[in-house]
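Protein chains in written order, with our numbering: chain B, 1 to 473; chain H, 474 to 809.
A short write-up of the structure that comes next.
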Amino acid sequence: MKTEKIFSAGIDIGTSTTKMVVSSFLLKNVAGVTHVPRIEIIEKTVLHQSPIIRTPFINKDIIDMKKIEEFISQQYQLAQIAPSDIATGAIIITGESATKENASEVVHTIADGAGHFLVATAGPDLEGIIAAKGAGTLQQSKNSSKVIANIDIGGGTANIAVMQFGEVIGTCTLHVGGRLIEFKDGKIQSISPPLMRLMERWTNPLAVGDAAEDIRVTHCIEEMVQTLAMILHGQCRDEKHPLLLGHLPNWHKPVDAIVFTGGVASCIYENECTQRQYDDIGEKLAKMLLQHEQLQSFLWLRPEETARATVTGAGTQTTEISGATIQVDAQVLPLKNVPVFNCHLDPSTDFNSTVRTAVERANDLFSIQDNRSPFALYFSELPYLSFQDVHALCQAILLHLATRCSKDIPIIIVIQSDYAKIIGQTIQAINATVPIICIDQIKVETGDYIDIGEVLPSGVVPVVVKTLAFHSK
Amino acid sequence: MNDQLVSMITQLVMEKMEKSTGSQTPEIAATPTEQPLIKFYDTVENRSSGTTEAIATSQEPLIQLYQHGAPQQVTTVTSATFEQPVNDAVPIKPFQFEAGSLSESVQAAKKHTPARIGVGRAGTRPKTKTWLKFRLDHAAAVDAVYGEVTEDLLQKLDVFQVTTKVTDKEEYITRPDLGRRLSEESKALIQQKCKPQPKVQIIISNGLSASAIEENVQDVYLALQQSLSNLNIDIGTTFYIDKGRVALMDEIGELLQAEVIVYLIGERPGLVSAESMSAYLCYKPRIGTVEAERMVISNIHKGGIPPLEAGAYLGTVVEKILRYQASGVELVAKEG
C-alpha cells in the first residue's frame with residue numbers, strides 16, 4: 001500500500017528555556033479495500049532534537065525574537081530540512097513567556113516564517129495537554145483504567161492535564177515553577193508577582209536581596225507543593241488562590257497516578273540537577289515534590305520525555321488528519337487561526353433559525369467592527385440526516401453565509417461525524433461559485449481555533465486544533 | 474408461526490425480563506389478540522416432577538414461561554438427608570433482572586465495538602437477556618433474507634422492476650447461477666425502456682437483504698445522482714432487479730453496452746446489522762468479466778459507512794474509473 005511522508009516541526013518557547021524538534025510522519029490509508037478510505041498517521045519519527053537553550057530576552061518584558069529566529073534556522077540546517085518542507089507542526093509559547101508584551105507577535109511571526117504550515121498556539125490548558133501527549137502519558141492512560149495526572153512543571157507554571165482511557169478529562173494551571181524565585185551571588189534577585197501575592201498573607205514576606213539560604217524560601221516552596229497536592233486531591237475550592245492561573249480543577253474523578261514532566265521533572269527522575277545551570281529554586285522544588293507526604297499516596301509513573309515533553313508534543317501530537325471524504329476548495333488553503341463556533345443542531349427546531357442564530361452570534365464574537373473575518377461553523381453530534389435534511393441544512397447555510405463570503409472568506413464547515421462530502425457537495429450543487437471548505441471527523445469546541453493545511457496527495461488535509469490564549473500577568 | 478408473531482413474542486419476553494419490579498401474582502401479558510399469546514408464571518409449579526408440560530391446544534396460550542427457583546435447590550452432599558427437601562423454606566420471589574454492574578474499563582471497551590462483550594454468563598452459558606437478544610438479531614437476519622422491497626419505495630425512486638431466471642427464494646439461495654441471468658421478458662423490457670450505451674448505469678437489487686435496500690438505497694441513490702450531476706457525468710435509466718446476484722451486472726452491461734455499472738445490492742446479513750448494503754462497480758462489465766475487475770464499497774448502513782457519504786464518495790470513484798478506463802485490480806495498477 002502507498003504511503004506518504006510529511007515533515008513536522010515543534011517549537012516551545014518557555015519561561016526559561018526554548019527548544020525545537022523536527023519529525024516526519026508517515027500517512028497511510030488504513031481502511032480495508034472495500035471501505036471508504038481512512039487516512040491516518042501510522043508512524044512518527046523524531047529526526048532532530050535541538051539542544052535546550054535559555055529563552056533570550058531583550059529586557060524583562062520583551063522576548064528577543066531575532067535570536068529565536070536565528071536559533072530556529074540553525075536547527076533546520078542541522079536537521080537538513082528546509083522550512084518550506086514543513087507541512088505541519090506547532091509553535092507554542094508557554095509559562096510566563098506567554099505574558100510578555102510581544103508574545104503574540106513572536107509566535108505569529110515565527111509561525112509564518114519558520115515553516116510552510118506552522119501553527120501558532122498559546123494557552124495554559126493546551127500546554128498541559130500537549131505536554132501530556134508529548135510525554136506519552138495520554139497513550140499510557142489507554143492501557144489502564146487509572147485516572148492519571150500529568151503535571152508539567154517548567155520555569156513559570158505547572159500545567160496539569162488529567163486523563164483516563166486516552167481522553168483528557170480536565171486541566172488546571174498553577175503558578176508553580178522553578179524560576180519563580182531567582183538568585184544571584186547567593187541572594188534573591190527576583191520574585192515573581194504571584195509569589196509576592198502569596199506572601200502577602202505572611203507577617204514577614206521575602207524580599208529581593210534576602211539571602212538565598214533564608215528559611216522562608218523553603219517555606220515558599222513548601223506552600224507551592226502543598227497547593228499542588230491540594231489541587232490534585234480535589235481539596236482546593238478557593239477560586240482566588242494566588243497561585244491559581246485561570247480556572248479551578250474541572251475533572252470529576254479522583255486522581256490515581258501522577259507523572260511529572262517539564263524542566264523540573266528532569267531533577268525528579270534523572271538526577272541531572274548538577275547539570276542545571278540555572279540559579280533558581282528548580283532543584284529545591286524537585287526535592288520537595290519527591291519528599292512531600294501528601295503526594296506519596298499517588299502512584300508515581302515515569303514519563304517518556306521530561307524537559308522536552310511540550311516541544312515533542314507540539315511537534316508530533318498536534319496534527320490531526322481530516323476524514324478522507326471531504327469537500328475543499330484547494331485555492332483558499334492553507335487557512336490559519338480560524339475561530340470555531342459550535343452550532344448545535346436540535347432536531348426539534350428548524351435548521352434555518354438554528355443556523356441564523358449561530359451565524360449572528362459568531363459574527364458578534366469574531367468580527368471586529370465592520371471587518372468581517374472568517375470563522376468555522378462546527379456541527380457536533382449531528383442527528384441522522386436524510387438527503388432532504390441535508391438539502392434543507394445546506395440551503396440554510398447558504399442563505400446566511402453566502403452573502404458574507406468572498407475569495408478570502410470561504411464558507412468553512414467542520415463536522416464531527418462523517419458528513420462532509422455530502423454537505424459540501426450539496427452546497428456546490430445549489431451554488432457552484434461559493435468557495436467552500438467542508439471537513440469532518442475533527443473534534444473542536446467554541447473558543448478553539450483551527451488551522452487547515454494544504455490538500456495532501458491522498459485528498460486529506462492536516463488540521464491543528466488549538467487555543468490562542470495569551471494570559472495576562 | 475409468521476415472522477411478525479415471532480418478533481412480537483420475543484419483544485414481549487424481553488420487555489418482561491427488563492422490568493425491575495414484578496408482582497407475586499401470575500401476570501398475563503397484554504396482547505392485542507383475544508386469546509393471550511403468552512402467560513408468565515412467577516411461581517414454581519410441578520416441582521416434584523421437574524419437568525413442565527406445555528400442551529398447546531387452541532384454548533391455551535402458545536408459550537408458557539416458568540420462573541424456576543433459585544440455585545439453592547441444589548442440595549450439597551454433606552448436609553443432604555434425602556427425605557427432607559432443603560428448599561422448602563426458600564421464599565419464591567418474583568423474577569428480577571440483575572442490575573448490570575459493568576466496570577468502567579468494560580464500558581469504555583464497549584464504546585469501540587458492536588460485539589457482544591461484557592455480557593456476563595450463567596454457568597457455562599450466556600444469560601437469558603443476551604441469548605434473547607442474539608435470537609432477535611438472528612431472526613432479523615432471517616427476515617432480511619426472506620423479506621421483499623416495498624412497492625412504495627420503488628415508486629418513490631421511480632424505477633421499474635425486472636426479474637432473473639430465479640422463481641422463488643429457495644431457488645435463489647440454492648441456485649446462484651440462475652440469479653446471474655435475466656428472464657427473457659426482462660431482457661426485452663430493459664431494451665425497450667432503458668437508454669442504450671449509458672455512461673453510468675445504476676442498478677438496484679434486494680440480493681440477500683431486502684431491509685438493506687429499504688433502509689439505505691434512497692439516500693445512497695440521491696447522493697450518487699447529485700455527485701454525478703456535479704461532475705457532469707450522464708446516468709442511464711435506473712431499474713430494480715428482484716433476486717439478483719452480483720455477476721448479473723455482466724449480462725446487463727452486455728445488453729446495454731454500459732461504460733460503468735454501479736450495482737447497489739443487499740449484503741448477506743450478519744448479527745450486528747441485517748441492513749448492510751454494498752455498491753459494486755465495474756468498468757465495461759460484459760459476459761466473461763473476471764471478479765478481479767469488480768470493486769466494492771461495502772458496509773453501507775447507519776452504523777457503518779453513512780449512506781449519504783457513501784453515495785457522495787461513489788461519485789468520485791465513478792469519475793476515477795472513467796478517467797483511467799479501468800476498475801478493480803487494473804485500476805490500482807494504472808493508478809500506480
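The C-beta atom is built at its ideal place from N, Cα and C for all residues, glycine as well.
Could you check whether the Cβ of residue i sits closer than 8 angstroms to any Cβ belonging to chain H?
i: B:T433; result: no
i: B:S386; result: yes
i: B:Y449; result: no
i: B:I153; result: no
i: B:T312; result: no
i: B:Q441; result: no
i: B:A429; result: yes
i: B:I411; result: no
i: B:Q416; result: no
i: B:I281; result: no
i: B:I326; result: no
i: B:I422; result: yes
i: B:T426; result: yes
i: B:T34; result: yes
i: B:Y419; result: yes
i: B:S322; result: no
i: B:S8; result: no
i: B:F165; result: yes
i: B:S380; result: no
i: B:S16; result: no
Is residue j closer than 8 angstroms to residue i when the C-beta atoms are compared?
i: B:I181; j: B:V217; result: yes
i: B:T349; j: B:E305; result: no
i: B:L206; j: B:I191; result: yes
i: B:I415; j: B:F379; result: yes
i: B:Q388; j: B:I430; result: no
i: H:I677; j: H:L729; result: no
i: H:M722; j: H:P758; result: yes
Would you mind working out which of the options sits nearest residue i, comparing C-alpha positions?
i: B:I53; options: B:S16, B:I439, B:C236; result: B:S16
i: B:V311; options: B:G246, B:V176, B:T94, B:N59; result: B:T94
i: B:L198; options: B:D185, B:H233, B:H241; result: B:H241
i: H:L804; options: H:P564, H:G743, H:Q484, H:M768; result: H:M768
i: H:R654; options: H:S746, H:G717, H:S682; result: H:G717
i: B:N159; options: B:I231, B:G315, B:P254, B:S23; result: B:I231
i: B:V255; options: B:T467, B:V168, B:L345; result: B:V168
i: B:I153; options: B:S266, B:L299, B:A90, B:D210; result: B:S266
i: B:H175; options: B:S97, B:V455, B:N250, B:N204; result: B:S97
Give the C-beta separation of residue i and residue j to the nearest angstrom, bearing in mind that I take them to be a contact with Cβ-Cβ under 8 angstroms.
i: H:I770; j: H:A752; result: 5 angstroms
i: B:G178; j: B:V264; result: 5 angstroms
i: H:G620; j: H:S659; result: In fact, because the Cβ distance is near 21 angstroms, the residues do not count as touching under 8 angstroms.
i: H:L795; j: H:Y694; result: Between H:Y694 and H:L795 the Cβ distance is about 19 angstroms, and since that is not below 8 angstroms, they are no contact.
i: B:I436; j: B:D280; result: Not really, about 52 angstroms apart at Cβ, beyond 8 angstroms.
i: B:K133; j: B:Q296; result: B:K133 to B:Q296, Cβ: 27 angstroms. No contact.
i: H:V733; j: H:V802; result: At roughly 16 angstroms, the Cβ-Cβ gap does not stay under 8 angstroms, so H:V733 and H:V802 are not in contact.
i: B:H108; j: B:I86; result: Rounded, the Cβ-Cβ distance is 16 angstroms, inconsistent with contact.
i: H:T710; j: H:K666; result: 6 angstroms
i: B:K187; j: B:G155; result: At roughly 19 angstroms, the Cβ-Cβ gap does not stay under 8 angstroms, so B:K187 and B:G155 are not in contact.
i: B:Q428; j: B:Q327; result: 7 angstroms
Could you tell me whether the Cβ of residue i comes closer than 8 angstroms to any Cβ of chain B?
i: H:A785; result: yes
i: H:V622; result: no
i: H:P779; result: yes
i: H:E782; result: yes
i: H:S521; result: Note that H:S521 scores 44 on pLDDT, short of 50, meaning its location in the model is unreliable and no value can be drawn from it.
i: H:Q699; result: yes
i: H:D631; result: no
i: H:S578; result: yes
i: H:V769; result: yes
i: H:A529; result: At H:A529, the pLDDT of 41 sits below 50, so the modelled position is not reliable and the matter cannot be decided from this model.
i: H:D616; result: no
i: H:L695; result: yes
Along chain A, in chain order, which residues have C-beta atoms closer than 7 angstroms to that of residue i?
i: B:V390; result: In the structure shown, chain A does not exist; the protein chains are B and H.
Closer than 8 angstroms is the cut-off here; do at least three beta carbon pairs connect the region 420-436 of chain B with the region 446-456 of chain B? no
Any 3 or more C-beta pairs closer than 8 angstroms across the region 780-787 of chain H and the region 697-708 of chain H: yes
Any contact between the region 75-93 of chain B and the region 30-44 of chain B? By contact I mean 3 or more CB pairs, one from each, below 8 angstroms. no
Evaluate the contact criterion for the region 288-304 of chain B versus the region 119-129 of chain B: three or more CB pairs, one atom per stretch, below 8 angstroms. no
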